[in-house]
Amino acid sequence: MSKGQGFGFGLGKMKELADAFKKAQQVQENAKKLQEELEQMEILGESGGGLVKVVLSGNQEPRRVEISPDAASEGAEVLSDLVTAAMKDAYNKSTATMRERMEELTSGLELPGM
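First residue of the sequence shown: 94, per the numbering used here; consecutive thereafter.
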């Protein structure tokens with residue numbers, strides 16, 4: 094290996110490695126905080142212009158379903174479609190939120206050798 098590459102015993106590389114471990118530890122601590130945040134978060138999915146609403150936590154745990162009387166009068170098949178569409182909407186919003194938050198959490202993390 095040429096000088097300055099790899100994880101030799103040079104002090105510069107040891108400092109890089111120590112910095113990487115510090116960053117990784119910080120990411121781990123922030124990930125725990127993010128998990129707690131996601132558990133408290135409520136993400137709303139809707140369909141039929143708000144006739145059916147589904148609420149999930151930020152980590153996709155179902156919280157509640159709200160069905161308007163107007164939706165209920167549409168019949169079982171239409172109501173089923175509305176609930177499914179609202180669930181998909183909430184799921185898509187939840188996964189997008191999780192992805193965005195994880196990208197924020199790990200941005201700027203550069204581990205040597207990766």
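Just so you know, even glycine gets a beta-carbon here, dropped at the ideal spot from N, CA and C.
Inset, instruction - Note down, in chain order, each residue of its chain lying with its Cβ closer than 7 Å to the Cβ of Thr190, except the 5 sequence neighbours on either side. - result: As a working note, residue 190 is residue 97 in the sequence shown. Ile136, Gly151, listed in sequence order.
Inset, instruction - From the DSSP output, read off the bridge partner residues of Arg157. - result: Taking the sequence shown and counting its residues from 1, one reaches residue 157 at position 64. In the DSSP secondary-structure assignment, Arg157 is bridged to Val148.
Legend entry - Which of helix, strand or coil DSSP assigns to Ser200: By one-based count along the sequence shown, residue 200 stands at place 107. Coil.
Legend entry - Ser166 - DSSP class collapsed to helix/strand/coil: Locating residue 166 in the sequence shown gives position 73, where the first residue counts as 1. In this structure, Ser166 counts as coil in the three-state DSSP scheme.
Legend entry - Neighbour-count burial assignment, Glu197, 16 or more Cβ in a 10 Å radius: Position 104 of the sequence shown, counting from 1, holds the residue named residue 197. Result: exposed.
Inset, instruction - Decide if Lys146 is buried, meaning its Cβ has at least 16 other Cβ atoms within 10 Å, or exposed. - result: Counting from one through the sequence shown, the residue named residue 146 turns up at place 53. Buried.
Inset, instruction - Kindly indicate the opening and closing residues of the beta strand (DSSP E) around Gly138. - result: Working through the sequence shown from its first residue, we reach residue 138 at position 45. Secondary structure note for Gly138: its beta strand (DSSP E) is the uninterrupted segment 135-140.
Legend entry - Ser140 classed as buried or exposed, judged by whether at least 16 other C-beta atoms fall within 10 angstroms: Indexing the sequence shown from 1 puts residue 140 at position 47. With 16 or more other Cβ atoms within 10 Å, it is buried.
Inset, instruction - Rounded to whole angstroms, what's the CA-CA distance from Ala117 to Leu149? Just pull it up for me. - result: By one-based count along the sequence shown, residue 117 stands at place 24. By one-based count along the sequence shown, residue 149 stands at place 56. Between Ala117 and Leu149, the C-alpha separation is close to 29 Å.
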